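Please read the structure below before turning to the comments.
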């Protein structure tokens with residue numbers, strides 16, 4: 914019962930105005946590493962999941978808002 918999945922999101926999905934996708938933790942970690950290595954930016958793990966799917970859209974211009982900071986997640990990233 915995640916509160917972000919409510920009637921409005923269900924309605925947007927059902928009428929085709931929104932398309933929701935997922936990313937695994939492994940995909941998020943790969944996106945974390947890619948952004949860190951190519952741009953020197955350490956994203957938080959939460960937006961790293963969005964980055965994983967944004968990489969599927971490489972041929973288009975994509976804007977991803979990076980909230981949080983990745984330095985707080987380094988211990989977990991390095992442990993994997």
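Residue numbers (our numbering): 914 to 993.
Idealized CB from N, CA, C, for every residue including glycine.
As the structure is a prediction and not an experimental result, all values here were calculated from the model.
Is residue 973 helix, strand or coil by DSSP? The count along the chain shown starts at 1 and reaches residue 973 at position 60. Note: residue 973 maps to coil in three-state DSSP.
Look at the Cβ atom of residue 957, then the Cβ atom of residue 981, and state whether they are nearer than 7 angstroms. Taking the chain shown and counting its residues from 1, the one referred to as residue 957 is at position 44. Taking the chain shown and counting its residues from 1, the one referred to as residue 981 is at position 68. Against a cut-off of 7 angstroms, the Cβ pair of residue 981 and residue 957 comes out as a contact.
To which residues of the same chain is residue 975 closer than 8 angstroms at the C-beta, ignoring the five residues directly before and after it? Position 62 of the chain shown holds residue 975. Counting only Cβ-Cβ distances below 8 angstroms, and skipping sequence neighbours, we find 967.
Excluding five sequence neighbours on each side, which residues of the same chain lie with their C-beta closer than 8 angstroms to the C-beta of residue 989? The sequence position of residue 989 within the chain shown is 76, counting from 1. Excluding sequence neighbours, residue 989 sits near 958.
Beta-carbon contacts of residue 938 that lie in its chain and below 6 angstroms, excluding the five residues immediately before and after: Start at 1 with the first residue of the chain shown, and residue 938 comes out as number 25. Within the same chain, residue 938 has no close Cβ partners at all.
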